[in-house]
Structure formats: C-alpha cells, structure tokens
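Right, one structure below, let's go through it.
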Amino acid sequence: KFPGKKEILFHEINPTTYQWDENSTYGGKLVENITQAIARDLLAEAMVRLDERGYKIVMHVHDEVVIEVDEDKECLEEINNIMAEPTKWTKGLPLKADGYECSYYKKD
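Per my numbering, the sequence shown starts with residue 927, numbered consecutively.
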C-alpha cells in the first residue's frame, strides 16, 4: 500500500461491514495525526482562555478562531498573546499565534 515505506498493520472494525478488518499505516501518517491532535488541544485550551477573558468566539474553523469585537477595539495583539500562552503540558514548547482583522470571515 505504501511503496518504499515500512507498514504498521492493525485490526479495526470496517465502518461498512462492521466486521474486523486488517488495515495498515506508516510512521509519517502517525506523526501527522499526532501533530494535528496536539494542535487541536492547543486551540481548545486557547479558546477557553479567550472566553474567560471576555472574547466572544463566534466559530472556529480547523486552526482558526473567529472572534467578534467592536471595530474600534484594538485587540489583535492581545488575542495573539493569549493564544500563544503556554499550557501545563507544553512547558518549553515555543508557541506563536497570528491573526488578521476583517469585517466578514474569509479563510486566511
């Protein structure tokens, strides 16, 4: 299935047949999934911090948080700083957030 890569075989329930089935994966795919899971957890914790500090989150899309604020309020730097705050389990991990302002949502 994965030419030139060592496979890891595992058993799972087939979502169509509901029977046990053999499947395979490889190291790079596992690392990708682990990275995405960590990114999701960081985003979730950042959203809690933003909410606790009074920011109105109207939605989130994959790796973005959409926050509604008054047009005259300068808060982008503060939001980026809140999102980049370390957590108990990320001590020493360099975190950074980036953002932009617009009057309607658009994917950056």
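All C-beta atoms in this analysis are idealised placements derived from N, C-alpha and C, irrespective of residue type, glycine included.
{"Check": "Could you check the C-alpha separation between Arg-979 and Asp-989 for me, to the nearest Å?", "Outcome": "20 angstroms"}
{"Check": "Would you check if the distance between the CB atom of Leu-976 and the CB atom of Ile-960 is smaller than 9 angstroms?", "Outcome": "no"}
{"Check": "Comparing alpha-carbon positions, which option in Lys-1022, Ser-1029, Met-985 and Ile-934 lies nearest Lys-999?", "Outcome": "Ser-1029"}
{"Check": "In whole angstroms, give me the CA-to-CA distance for Asp-967 and Met-1009.", "Outcome": "12 angstroms"}
{"Check": "Suppose contacts are defined by Cβ-Cβ distances below 9 angstroms. Is Cys-1001 in contact with Tyr-1031 by that definition?", "Outcome": "no"}
{"Check": "Starting from Glu-1044, trace the beta strand (DSSP E) in both directions and tell me its first and last residue.", "Outcome": "Absent from the structure is residue 1044, since the part of the chain shown begins at 927 and ends at 1034."}
{"Check": "Excluding the 5 residues preceding and the 5 following Val-995 in the sequence, name in chain order all residues of the same chain whose CB lies nearer than 8 angstroms to its CB.", "Outcome": "Tyr-981, Lys-982 and Cys-1001"}
{"Check": "Is Glu-971 closer than 9 angstroms to Thr-1013 when the C-beta atoms are compared?", "Outcome": "yes"}
{"Check": "For Val-974 and Asn-1007, what's the separation of their Cα atoms in angstroms?", "Outcome": "14 angstroms"}
{"Check": "Who are the Cβ neighbours of Phe-936 in its own chain at under 8 angstroms, not counting the five residues just before and after it?", "Outcome": "Glu-948, Asn-949, Ser-950 and Thr-951"}
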